[in-house]
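Q: Quick note on our numbering: the sequence shown kicks off at 2 and runs consecutively. Note that beta-carbon positions come from the ideal geometry of N, C-alpha and C, so glycine has one too. A quick note: this is a predicted structure, and the numbers were derived from the prediction, not measured.
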Amino acid sequence: MRKAVPQRPPVDDYVEKVLLGSLKKRARTVQPAEEEDPELTKAKKALEQVEADKAEARQLQADDLLSLGEFAREIRRLEDKERETKEKVSTFPETPARAGSAAGRIVREWEGGTVDMKRQEIVRTIESVMISGAGKGGAQRGVFRPELLEIVWK
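The following block contains the structure:
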């Protein structure tokens, strides 16, 4: 006795095929990321230096080479500098992600992806799927006609 296996409608298969084709095309046309603003790079390096200076001050205080008062003043000075630098960093726009990197990841994960992951990408990418009328009569005889579908992209 054969077991009945549910099949997906051909519309679902067609839309998935077109979506993956679009994602693959986007993944192939990855645009190089824009260069980071030199001032932002400088500010990030300054933050790293502040962290290193704070660690050094802690070590000097632990080794009794810095009095508690000197340590407190130095940490306060470094924390003020850190706060000012973080405020400066927050004014810069975020570095844009590479255009096709997300598309490439989705294509790679698609086969093993969950239904929720696939649904999320479909909803994010496709506005609607329009199905045109096939006309009256029995001329269709259950044949799938992809030319009657129009995918409206977001």
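1. Buried or exposed: where does Glu148 fall if 16 or more other Cβ atoms within 10 Å of its Cβ makes it buried?
2. What number of angstroms, rounded off, separates the C-alpha of Met131 from the C-alpha of Gly143?
3. Is the segment 118-129 touching the segment 13-21, taking contact as three or more C-beta pairs under 8 Å?
4. Please state if the CB of Ile152 and the CB of Val51 are separated by a distance shorter than 8 Å.
5. So, is Ala58 buried or exposed, given that buried needs 16 or more other C-beta atoms within 10 angstroms?
6. I think Val108 touches Leu24, with their Cβ atoms under 8 Å apart; what is that distance to the nearest whole Å?
7. In terms of alpha-carbon separation, which member of Ala135, Pro39, Ala53 and Lys87 lies closest to Glu75?
8. According to DSSP, is Glu112 helix, strand or coil?
A: Taking the definition as stated:
1. exposed
2. 19 Å
3. In short, these stretches touch, since the Cβ pair count reaches three.
4. no
5. buried
6. That belief holds up - the Cβ atoms of Val108 and Leu24 are roughly 5 Å apart, short of 8 Å.
7. Looking only at Ala135, Pro39, Ala53 and Lys87, the smallest Cα-Cα distance to Glu75 is reached by Ala53.
8. coil
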